[in-house]
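According to the numbering used here, the sequence shown is numbered sequentially starting from 1407.
See structure below.
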Amino acid sequence: MAQVFISLGTNVDRELHVKQGLTALAERYGELTLSSLFESEAVGFAGSAFYNMVIGLQTDESVESVAACLREIEYANGRSPNAKKYSPRTLDLDLLLFDDCIMEQPAQIPRDEICRNAFVLWPLAEIAGDLLHPVIRQSYHDLWQAYDKSSQKLQKIPLNWQP
């Protein structure tokens, strides 16, 4: 079984899309490990605030299958296949880690935004703090401790979702 971590983000009908994303992932993969839910400012464009979190799961599926599933869930929740990189999102599901794999296709793994964005690193450190980044070889806990926390503002908010 592969250990997989996925980031979830939304800034359009945020509560609805968090719930729909989590429900779709639970239906497909079963038990999920959930970080806290965070509210963060949009990064890279002027837009409404995002809800972000990281989800851990285990699967026998290939990385290609998981990446395709994430795209299907996004499209089923109103994401346009032609959406610009820095734009509002109904649902954004990014494959962060797939075991200790390092690759560029079908997805960049480990995803480079892990170390760049607090809204990815903090929740990942919550649920996978002891794991080592496959390239940097530091734990996510240590990476979060060294992160410049003044660069992006995050706040935890209640998550109201039941599988």
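Yeah, the Cβ is synthetic: ideal placement off N, Cα and C, and Gly gets one too.
Check	Outcome
CB contact flag (Gly1427, Pro1494, <8 Å)	no
Inter-stretch contact (C-beta, 8 Å, three-pair minimum) for the segment 1457 to 1464 and the segment 1425 to 1441	yes
Beta bridge counterpart(s) of Phe1411 as assigned by DSSP	Gly1462 and Leu1503
Straight-line Cα distance separating Ile1563 from Asn1488	30 Å
Own chain residues within Cβ distance below 7 Å of Ala1534, not counting five before or after	Phe1411, Gly1462 and Tyr1546
Identity of the residue in Leu1497, Pro1540, Val1449 and Ile1542 nearest Val1418 by Cα	Leu1497
Residues near Met1459 in its chain [Cβ-Cβ closer than 6 Å; skip 5 each side]	Leu1414, Ser1441, Leu1443 and Pro1529
Own chain, CB closer than 8 Å to Glu1447, minus 5 neighbours either side, in chain order	Ala1455, Phe1456, Gln1558 and Lys1559
Range of the contiguous alpha helix (DSSP H) that encloses Leu1527	Ala1524 to Ala1534
Residues bridged to Ile1515 [DSSP beta-bridge criterion]	Met1509
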